[in-house]
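Under this note's numbering, the first residue of the sequence shown carries the number 1, and numbering increases by one thereafter. Every residue, glycine too, gets a C-beta built ideally from N, C-alpha and C.
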Amino acid sequence: MGQFTSIITGKRELSARAMLRVGFLALVAVCLFVGGLVWNDTSKISEETKSFHDGELVAAIESEKMLFQLVQVQQLLTDAALTHESTPVEQAKVVVSDFKSSTDTLEKSFAGMEDKSAALEATLQKLRSDFDTFFSNGLSMVEHYKAGEHQLASRGMKLFDQDALAVTGLMKSFSEKLEHRMALSLENNQRHIESLLTVLLVSGLVLLVILAVVYVVITRGINKRIHSVSSVLAEWRTSGMEPRITGIRSTGVIADMSWLVNDIGDLVETLLREITNSLQQMSGGDLDRRIDTRGMSAGMKQVASVVNDALDSMAGFKRKAVKDQKRTEDFEVVLSDITRKLQVL
């Protein structure tokens with residue numbers, strides 16, 4: 001087949017493949033790592049959000065309701081003391097029942113918080129106790145007013161107002177602690193969100209770098225293989241048909257093209273060699289040497305047939321020339337014999 005020119009070495013091919021494998025594994029590793037970080041941060045965000053929704057948010061809503069209920073009870077008992085009517089007292093008892101329901105809901109909300117606060121639970125227990133005292137003193141105040149015990153009623157009103165202020169202050173303290181917890185929860189959520197955004201940004205940059213490296217490696221590999229094809233074609237044009245593409249991958253479009261170029265080179269080289277050998281044999285006197293067209297393409301067979309026809313014509317002319325030369329030699333012999341005989345006469 002001739003001396004092959006090595007265009008792509010096996011070492012470079014192996015290196016390119018290794019780099020592509022490393023790049024793919026790096027992509028998988030980064031995706032898994034980023035997926036783990038994202039899952040961790042999203043889980044924390046979900047937990048914080050659930051804790052905030054089931055804990056702090058519920059507690060905030062209930063604490064606002066309890067503060068409003070405290071004001072309602074104070075207003076209703078004050079009205080009952082001044083009007084001596086029983087309806088405000090009954091309404092106050094309904095509000096107290098709602099207040100206790102709110103405290104129960106508030107206590108349950110502590111279970112939904114990410115970390116239970118002993119300070120909040122202790123404050124809630126004291127709030128229940130102080131509210132019971134506040135309501136009990138309020139009822140005593142109403143009874144003193146109804147009984148006309150103005151001195152005791154006045155003292156009860158003062159005590160009732162002090163209890164109201166104490167419970168209100170306790171409620172405000174509870175609300176402040178709750179707001180602090182809500183702020184911490186929102187801050188934690190914000191921190192997890194920022195961490196998630198940072199992970200996504202950094203991982204995106206890393207993926208871009210890896211993709212850029214993979215793109216460069218693939219592009220260089222493709223360019224090298226395409227260059228191998230163009231180099232062989234250039235050598236065919238300038239020197240001879242001996243060079244071939246080596247180091248071809250077993251699969252791929254460029255591999256198929258490279259094998260096809262080599263096959264075409266084999267066929268063209270065979271055709272040219274056959275034509276050259278036939279002409280050389282004819283020049284040496286062998287008039288029967290013809291081009292063997294087996295394995296050639298249809299176009300090459302047509303060219304070979306034209307050349308064979310030309311060789312047949314040339315062989316015919318040469319045979320005729322040889323025959324004419326023999327006739328001339330025979331004629332000269334006869335003519336020489338006649339001349340010799342005439343000289344004798």
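According to DSSP, is E62 part of a helix, a strand, or is it coil? For E62, the three-state secondary structure derived from DSSP is helix.
Assuming N235 is part of the alpha helix (DSSP H), what are its boundary residues? Strictly speaking, residue 235 in this sequence is Glu, with Asn absent from that position. That run of the alpha helix (DSSP H) goes 150-238.
Under a three-way DSSP split, which group does S6 fall into? Its pLDDT being 37, under 50, S6 is placed unreliably by the model, and nothing is read from it.
Can at least three beta-carbon pairs, one atom from the region 169-182 and one from the region 118-126, be found at a separation below 8 angstroms? Result yes; three or more Cβ-Cβ pairs closer than 8 angstroms.
Measuring only the C-alpha atoms, how far is T42 from A212? Taking the Cα positions, T42 is about 29 angstroms away from A212.
Could you tell me whether the Cβ atoms of V253 and I245 are closer together than 8 angstroms? No, Cβ-Cβ distance for V253 and I245 is not below 8 angstroms.
By how many angstroms is the C-alpha of A164 removed from the C-alpha of Q69? Roughly 12 angstroms between the two C-alpha positions.
If you pair each beta-carbon of the region 136-146 with each one of the region 62-78, do three or more pairs fall below 8 angstroms? The answer is yes - the region 62-78 touches the region 136-146, with three or more Cβ pairs under 8 angstroms.
Please state whether DSSP places G36 in a helix, a strand or coil. G36 falls in the helix class under three-state DSSP.
Sequence-distant residues of its chain with Cβ nearer than 6 angstroms to F160 (five each side left out): Short of 6 angstroms from the beta carbon of F160, and not among the five residues preceding or following it, lie these beta carbons of its own chain, in chain order: N137, G138, M141.
With a Cβ-Cβ cutoff of 8 angstroms, do M182 and L127 count as a contact? With respect to the 8 angstroms criterion, M182 and L127 are not classified as neighbours on the basis of their beta carbons.
Could you tell me which of T238, G221, S239, W236 sits nearest to F247, measuring between CA atoms? Position check: residue 247 holds Gly in this sequence, whereas Phe was assumed. Closest option to G247, Cα to Cα, is G221.
Residue from V22, D104, G36, A234 with nearest C-alpha to A59: Out of V22, D104, G36, A234, D104 has the C-alpha closest to the C-alpha of A59.
Where M282 falls: helix, strand or coil (DSSP): M282 falls in the helix class under three-state DSSP.
Measure from the alpha carbon of L130 to the alpha carbon of each residue in L201, K146, V96, then state which is nearest. In the sequence under discussion, the amino acid at residue 130 is Asp, which differs from the Leu named in the question. The shortest C-alpha separation from D130 is found at V96.
Determine the burial state of G35: buried for a count of at least 16 other Cβ atoms within 10 Å of its Cβ, exposed for fewer. Residue burial annotation: G35 is exposed, with fewer than 16 other C-beta atoms found within 10 angstroms of its C-beta.
Reference G23; option with closest CA among E85, K318, Q190, V206: Closest in C-alpha terms to G23, from the list E85, K318, Q190, V206, comes V206.
Indicate whether the contact test is met: 3 or more Cβ pairs, each with one atom in the region 297-306 and one in the region 264-273, closer than 8 angstroms. At 8 angstroms Cβ cutoff, the stretches touch.
Determine the burial state of G169: buried for a count of at least 16 other Cβ atoms within 10 Å of its Cβ, exposed for fewer. Its Cβ having fewer than 16 others within 10 Å, G169 is exposed.
When you compare each of S63, Q280, K158, S336 to T123 by their alpha carbons, which one comes out closest? Looking only at S63, Q280, K158, S336, the smallest Cα-Cα distance to T123 is reached by S63.
Cβ distance (whole Å) where N277 is taken to contact R290 below 8 angstroms: Contact doesn't hold; Cβ gap of about 10 angstroms is too wide.
Sorted by chain position, which residues of the same chain lie with C-beta nearer than 7 angstroms to M257's C-beta, five sequence neighbours on each side aside? The residues are V229.
Are V28 and S203 closer than 8 angstroms when you measure CB to CB? S203 sits away from V28, with the two beta carbons spaced by 8 angstroms or more.
Using a Cβ-Cβ distance cut-off of 8 angstroms, determine whether L25 contacts chain C. The displayed structure is made up of one protein chain only, and chain C is not part of it.
Contact check, S44 vs H192 under 8 angstroms by CB: the rounded distance? Note that residue 44 corresponds to Lys in the displayed sequence, not to Ser. So it is a contact: roughly 5 angstroms between Cβ atoms.
Alpha-carbon to alpha-carbon, S185 and G156: Each residue's alpha carbon lies about 43 angstroms from the other.
At what residues does the alpha helix (DSSP H) containing S129 begin and finish? From DSSP, the alpha helix (DSSP H) with S129 extends over 118-147.
Are M66 and S102 closer than 8 angstroms when you measure CB to CB? M66 is a Cβ neighbour of S102, given a cutoff of 8 angstroms.
Here's a check: name, in chain order, each residue in its chain whose Cβ is nearer than 6 angstroms to the Cβ of Q72, leaving out the five neighbours to either side. The answer, listed in chain order, is V95.
Name the residue from L267, N40, A304 whose alpha carbon lies nearest to the alpha carbon of L358. Lying outside 1 to 345, the shown extent of the chain, residue 358 is not represented and no answer is given.
Three-state secondary structure (DSSP) at R290? In the structure shown, R290 falls within a coil segment according to DSSP collapsed to helix, strand and coil.
Just to confirm, is the Cβ distance from G265 to M296 under 8 angstroms? No, the pair does not count as a contact, with Cβ atoms beyond the cut-off.
Of the choices T251, V214, L82, whose alpha-carbon is the least far from that of R21? Put simply, of T251, V214, L82 the residue whose alpha carbon is nearest the alpha carbon of R21 is V214.
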